[in-house]
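My numbering puts the first residue of the sequence shown at 352, with every later residue one more than the last. Only one structure is covered here, and it is reproduced in the block below.
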Amino acid sequence: MDDSMFPISKKPVTRILSALLLLASLDAGAAQVLQGRPDDTLAASLSRSEPTLIRIEGHRIRRVFGAEGDFDVKADKDAGTAFVKPMTDKPAFSAYVADDAGRIWKLLLSLTDGPADSIVIKGRGGESAGKRPGKDSTRNLEIKRVVLALDADGETNMESRTANELVPLWKEAIFVLVKIVQGPLKGEKYHLTNTSDKPMVIDERELYRRGVVAVSVEKSELNPAATTAVHVISEPAE
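Right, here's the structure in full:
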């Protein structure tokens with residue numbers, strides 16, 4: 352990972368103090384504090400109309416990843432923070448935040464019509480400030496790479512193939528496998544269509560099966576005849 356994205360600031364001390372005071376004032380006001388570990392999915396909200404500040408307590412953000420077109424990100428290199436603004440009509444989407452300790456945090460971000468509240472990521476007890484990437488961080492990176500490969504239109508460094516296979520799921524839905532990616536993990540992309548005459552609420556937990564490590568549904572609520580993309584990431588078959 353390129354640490355040059357957020358280089359050490361050489362600005363005057365007053366500039367650094369201003370950044371610290373800004374963060375302190377944000378903590379005193381409204382903030383969403385997300386506490387967990389890198390292998391957790393941390394849920395927060397983003398304002399549709401305003402940029403939302405994201406920072407990691409005790410660390411600097413190096414990069415923010417996500418599906419292309421979901422959001423715009425502006426880096427504050429002096430403070431080691433990032434401002435994220437939605438660029439999509441989806442009700443929610445996933446983003447990945449990498450910090451200077453080599454950890455990758457997965458965020459599930461829901462869009463709201465209200466003002467922006469800053470997001471503060473805090474490691475749960477036992478998360479050492481100097482801890483280097485471990486198994487969980489590596490797994491999160493592998494999941495991210497597979498998801499991006501599933502959404503890529505061109506070639507990637509993973510083996511992939513298109514498909515058009517109808518998979519039984521629910522009586523009121525059509526579930527079609529459209530792409531498979533083979534890498535450190537196996538990725539499957541589906542199109543799920545609501546064939547009923549009522550809105551459908553999709554619970555990601557219903558799509559888990561043995562060996563599945565992550566599930567992502569693009570739209571959690573589907574109107575009749577509407578379709579959404581579903582990503583299923585699983586351990587490769589032995």
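Even glycine gets a Cβ: it sits at the ideal position worked out from N, Cα and C. Bear in mind the structure is a predicted one, so any value in this text is a computation, not a measurement.
Check: Sequence-distant residues of the same chain with beta carbon closer than 7 Å to Arg496, five excluded per side; Outcome: Gly534
Check: Sequence-distant residues of its chain with Cβ nearer than 7 Å to Thr579 (five each side left out); Outcome: Leu543, Val568, Glu569, Lys570, Leu573
Check: Whether Pro407 touches Lys457 by CB criterion (9 Å); Outcome: The sequence as given places Ile at residue 407; Pro does not occur at that position. Against a cut-off of 9 Å, the Cβ pair of Lys457 and Ile407 comes out as no contact.
Check: Status (buried if at least 16 other CB within 10 Å, exposed otherwise) for Asp554; Outcome: exposed
Check: Arg388 in three-state terms, based on DSSP; Outcome: coil
Check: Cβ contact (3+ pairs, closer than 8 Å) linking the region 392-404 and the region 433-443; Outcome: yes
Check: Cut-off 7 Å between Cβ atoms - residues of its own chain near Pro466, not counting five sequence neighbours on either side; Outcome: Ser398, Glu401
Check: Exposure label - Gly420; buried when at least 16 CB within 10 Å; Outcome: exposed
Check: Where Lys549 falls, given that 16 or more other Cβ within 10 Å makes a residue buried; Outcome: exposed
Check: Residues near Arg475 by beta carbon distance below 7 Å, same chain, minus five either side; Outcome: Gln386, Gly387, Arg388
Check: Lys592 versus Ala449 - alpha carbon distance; Outcome: In the structure as shown, the chain starts at 352 and stops at 589, and residue 592 therefore has no counterpart that could be examined.
Check: Closest Cα partner of Arg413 within the set Lys428, Glu523, Phe422, Ser585; Outcome: Lys428
Check: Where Arg561 falls, given that 16 or more other Cβ within 10 Å makes a residue buried; Outcome: exposed
Check: Simplified DSSP assignment, three categories, for Arg496; Outcome: helix
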